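Per our numbering, numbering of the sequence shown is gapless, rising by one per residue and ending at 397. C-beta: ideal position from N, C-alpha, C; glycine also. Keep in mind it's a predicted model, so treat the numbers as computed, not measured. Input: a single structure, listed below in structure tokens.
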Amino acid sequence: MVEEIIKKAENFFEEGKKEIENITDEELLEKWRIKFLGRKSFLNQLCTDIPNLSKEEKIICGSKFNELKKNLIKLYEDHKNKVRKREIKYNLTFPGRRFFTGNLHPITKVIDEIVDIFHRLGFGVAEGPEIETDFYNFTALNTPEEHPARDIWDTFYIDKKNNILLRTHTSPVQVRIMEKYLPPLRIIAPGKCFRRDSFDSSHSPMFHQIEGLMVDKNIKFTHLKGILTYFIYEFFKKEVKLIFSPSYFPFTEPSAELSISCVICSGKGCSTCGNTGFLEILGCGIVHPNVFKNVGYESSEFTGFAFGMGVERLAMLKYGIDDIRHFFYNDIRFLNQF
Ligand code: PHE
Numbered sequence: 060m061v062e063e064i065i066k067k068a069e070n071f072f073e074e075g076k077k078e079i080e081n082i083t084d085e086e087l088l089e090k091w092r093i094k095f096l097g098r099k100s101f102l103n104q105l106c107t108d109i110p111n112l113s114k115e116e117k118i119i120c121g122s123k124f125n126e127l128k129k130n131l132i133k134l135y136e137d138h139k140n141k142v143r144k145r146e147i148k149y150n151l152t153f154p155g156r157r158f159f160t161g162n163l164h165p166i167t168k169v170i171d172e173i174v175d176i177f178h179r180l181g182f183g184v185a186e187g188p189e190i191e192t193d194f195y196n197f198t199a200l201n202t203p204e205e206h207p208a209r210d211i212w213d214t215f216y217i218d219k220k221n222n223i224l225l226r227t228h229t230s231p232v233q234v235r236i237m238e239k240y241l242p243p244l245r246i247i248a249p250g251k252c253f254r255r256d257s258f259d260s261s262h263s264p265m266f267h268q269i270e271g272l273m274v275d276k277n278i279k280f281t282h283l284k285g286i287l288t289y290f291i292y293e294f295f296k297k298e299v300k301l302i303f304s305p306s307y308f309p310f311t312e313p314s315a316e317l318s319i320s321c322v323i324c325s326g327k328g329c330s331t332c333g334n335t336g337f338l339e340i341l342g343c344g345i346v347h348p349n350v351f352k353n354v355g356y357e358s359s360e361f362t363g364f365a366f367g368m369g370v371e372r373l374a375m376l377k378y379g380i381d382d383i384r385h386f387f388y389n390d391i392r393f394l395n396q397f
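The following block contains the structure:
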């Protein structure tokens with residue numbers, strides 16, 4: 060009698076061992092568990108015969124059943140791990156991983172936008188080095204060594220003995236381009252500039268400018284006004300008043316500053332415009348004959364205009380940003396908004 064029961068139990072174990080091998084998903088594995096380890100399993104049914112056995116037979120049978128049960132549990136646990144791993148590898152219906160895409164920095168975006176507007180006006184893009192020589196940054200721009208205007212652009216010297224410095228404006232690109240090409244010229248030059256300014260809400264020792272230069276026969280101040288007026292309307296896409304007021308730059312004559320009615324308060328007066336209703340956004344003028352002389356242009360034949368604007372300033376006005384430092388802190392909560 061006891062041999063018969065044990066034989067049946069062993070057959071049942073062999074059956075379970077065989078069936079589990081072909082199981083590849085968790086649903087079928089659960090069905091297997093209920094059949095071979097559940098309360099109503101064949102093994103448990105066999106247990107109901109135990110009370111009819113003798114004392115010795117009970118011991119033999121009981122320990123055999125326990126052994127088989129332990130082995131079935133082990134089969135189940137091992138197989139469960141295998142199924143899980145395989146499912147993670149092959150289940151194509153799992154949700155995908157989320158990709159975090161970056162976006163362009165607001166300064167890059169504004170530069171692209173400005174370049175695009177000038178592109179439509181026939182301006183090409185030029186670039187120059189951020190590490191410049193004293194000659195390109197100052198001397199060729201009609202600002203010789205002892206010129207007091209050098210003080211306004213006091214800069215970081217990399218090698219004072221050899222006059223190597225970080226450029227204080229993008230104007231040296233004017234010189235580099237004119238040395239290389241003859242008029243007619245229409246270029247803009249975006250890039251980084253450096254000045255010995257302390258880092259506060261409106262100053263940064265590193266910032267961006269966009270230089271503009273147009274040289275041809277008969278270029279007049281009206282061309283400059285027309286081009287800049289068109290640019291401002293295209294950039295801000297709203298009604299803004301423009302004021303050109305006299306100014307001074309060594310490399311332009313006459314020189315001017317362009318102010319626009321405050322885009323934050325619409326000219327009513329606020330903290331951004333210091334209650335004046337206007338904001339100064341760029342410097343410009345007619346290229347000084349000495350600059351032409353320095354690059355070998357015949358100043359009786361050509362005239363031109365140039366301008367230089369601060370990109371951070373324009374970006375702050377366009378997006379209502381109150382502190383220039385936001386552009387450089389790289390706080391993802393700020394950058395994500397653009
Ligand atoms: N380079 C000048 C500045 O940085 C701006 C400017 C450019 C003025 C071109 C006139 C012409 O302040």
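Hey, quick one: how far does the alpha helix (DSSP H) through residue i stretch, first residue to last?
i	result
Phe-177	165-179
Glu-189	Note, Glu-189: premise wrong, no alpha helix (DSSP H); not H, not E.
Ile-286	280-295
Tyr-378	370-378
Phe-387	385-388
Phe-71	61-80
Lys-90	85-96
Leu-102	101-106
Leu-394	391-394
Pro-231	231-239
Between the C-alpha atoms of residue i and residue j, what's the straight-line distance to the nearest angstrom?
i	j	result
Tyr-388	Ile-82	55 Å
His-385	Asn-162	16 Å
Ile-236	Phe-364	14 Å
Gly-336	Ile-247	29 Å
Leu-244	Phe-266	26 Å
Glu-172	Thr-229	18 Å
Phe-101	Phe-158	51 Å
Arg-156	Lys-168	28 Å
Pro-249	Asp-390	24 Å
Asn-395	Ile-166	13 Å
Ile-319	Glu-186	27 Å
Pro-242	Leu-341	24 Å
Phe-393	Arg-209	36 Å
Pro-264	Thr-214	9 Å
Ile-176	Gln-268	16 Å
Tyr-378	Ser-261	15 Å
Phe-194	Ser-314	21 Å
Glu-62	Leu-88	30 Å
For my contact list, residue i and residue j are in at a C-beta cut-off of 8 Å; report their separation, rounded to the angstrom.
i	j	result
Cys-120	Ile-132	With a Cβ gap of about 19 Å, Cys-120 and Ile-132 do not count as contacting.
Glu-85	Val-142	6 Å
Glu-360	Lys-300	Not quite, the Cβ-Cβ distance comes to about 36 Å (not below 8 Å), so this is no contact.
Ile-190	Ile-223	6 Å
Leu-134	Gly-75	7 Å
Would you mind reading off the limits of the beta strand (DSSP E) that contains residue i?
i	result
Phe-266	265-275
Ile-211	Unbroken run through Ile-211: none, as it is neither H nor E.
Leu-225	223-225
Leu-301	301-308
With DSSP as the reference, please indicate the residues paired to residue i in a beta bridge.
i	result
Val-184	Ile-247
Ala-365	Leu-272 and Gly-344
Cys-464	Residue 464 is absent from the structure shown; the chain starts at 60 and stops at 397.
Ile-118	Answer is none; Ile-118 lacks a bridge partner.
Asp-218	Ile-223
Ala-199	Paired residue(s): none; Ala-199 is not in a bridge.
Ile-132	DSSP, once it has assigned bridges, lists no residue as partnering Ile-132.
Glu-357	Answer is none; Glu-357 lacks a bridge partner.
Leu-151	DSSP lists no partner for Leu-151.
Leu-317	Phe-303 and Leu-341
Q.
Does the contact criterion of 3 or more C-beta pairs under 8 Å hold for the segment 208-223 versus the segment 317-330?
A. These segments do not touch.
Q: Could you say if the segment 294-309 and the segment 254-262 meet the contact criterion of at least three C-beta pairs nearer than 8 Å?
A: Because the criterion of three Cβ pairs below 8 Å is not met, the segment 294-309 and the segment 254-262 do not touch.
Q: Please determine if the segment 352-363 and the segment 202-215 are in contact, where contact requires at least 3 C-beta pairs separated by less than 8 Å.
A: no
Q: Could you tell me whether the segment 113-130 touches the segment 62-80, where touching means 3 or more Cβ pairs closer than 8 Å?
A: Judged by pairs of C-beta atoms under 8 Å, the segment 113-130 touches the segment 62-80, as three or more such pairs exist.
Q) Counting pairs of beta carbons, one from the segment 364-373 and one from the segment 226-234, are three or more of them closer than 8 Å? A) yes
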